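Heads up, the thing below is written out as structure tokens.
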Amino acid sequence: DEGLGSENLSVNVEDRLAKEGHIIYKSDVFSSEFEYGSWGKYDSIAFLGKLYLVGYPESPLTEEVSSMNRGQLREILLDTNEINTINYTKPLVLEDGYQLVIDEISESGDEVSINLLKNGIILDLKVVPTGDTYIFKRDDFPLILVHIASAMSGQNSNAVVVDGLFQAGEDPAIKLVEGERLGNMELTTLSGKGIEFRTYQDHNLTRNSILPLIGPKLLLGVLDTPFLLYNPIGVIFEQGVHEIRGPVYIESMNL
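With positions in the sequence shown counted from 1, the corresponding number in my numbering is that position plus 534.
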């Protein structure tokens, strides 16, 4: 929707031969805005058609932190500015078995005592001023952000209003190691700026064939034509409805 993206596949062919290192897949880290705009931006990267969190630029919420140099890509589970109202009996239900439970609201409504539970076990307890953000970190990496908009404490009503929510996967969904081979490509660059894969051997793009590139998810399909014509093929294994779109660029035309 916002025209963001960073993936690029380039193929350099002589006749029908793509020499070692001449098929290149690369993706750069870029910034995306939180749905709750006051938090600013987070750093993300697209890998094989899916967006992953890699870190946070320096902001009022946290010091600059990134897991990109370690090759750790986390799924973005929640990113919303929808308003949720919770109270003593109604917790905020998050992903991966997490729940945010209200332990106590100050009489003036200016502070909220919060318990974070996972599968019923308390992991964290914090007192958060209203108007501030609750942050849960694992190994100094923020995983859960919750903005406490307001709170009310009284005889007839106790409620906390949440208007910003972000959650990343506790464990990396993807772990990359420089030099590792996935399918017919090798990870040649891994840095805070992005990743690059190159083919580690020659490949002949024969007619009516499919060349696996990175694992089973990125392939190169060669058509059965006398002149060389090929296209990238992306494979999705996850169930559900998937939106697939994007510009296709060829040197002589823009489709």
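We put the beta carbon where it would ideally sit given N, CA and C, even for glycine. All values reported here derive from a predicted model rather than from experimental measurement.
Distance between residue j and residue i (C-alpha atoms, nearest Å)
| i | j | result |
| --- | --- | --- |
| E609 | T664 | 28 Å |
| V696 | N618 | 5 Å |
| M602 | V646 | 34 Å |
| V680 | S572 | 12 Å |
| E629 | G643 | 27 Å |
| T596 | K727 | 20 Å |
| K671 | G768 | 34 Å |
| G574 | S565 | 10 Å |
| V599 | L762 | 45 Å |
| N765 | I558 | 14 Å |
| E720 | S743 | 21 Å |
Candidates the options: closest to residue i by CA position
| i | options | result |
| --- | --- | --- |
| V635 | Y668, V547 and S642 | Y668 |
| P706 | G713, M719, P750 and F675 | F675 |
| V694 | E772, K709 and I620 | I620 |
| Y632 | V588, Q606, S593 and I678 | I678 |
| L587 | G703, L762 and S540 | G703 |
| E541 | G654, L721, L710 and V563 | V563 |
Check whether residue i and residue j have beta carbons under 8 Å apart
| i | j | result |
| --- | --- | --- |
| L745 | L754 | yes |
| G605 | L724 | yes |
| G717 | I682 | no |
Backbone secondary structure at residue i - three-state DSSP
| i | result |
| --- | --- |
| G574 | coil |
| T723 | strand |
| R604 | helix |
| T623 | coil |
| Q523 | There is no way to answer for residue 523, as the model of the chain reaches only from 535 to 789. |
Query raised in the report: Is it a yes or a no for the stretch 597-616 touching the stretch 684-695, going by three-plus beta-carbon pairs under 8 Å?
Result: no
Query raised in the report: Between the stretch 649-664 and the stretch 577-587, do at least 3 Cβ pairs fall closer than 8 Å?
Result: no
Query raised in the report: Would you say the stretch 545-558 touches the stretch 768-776, given that touching needs at least three Cβ pairs under 8 Å?
Result: no
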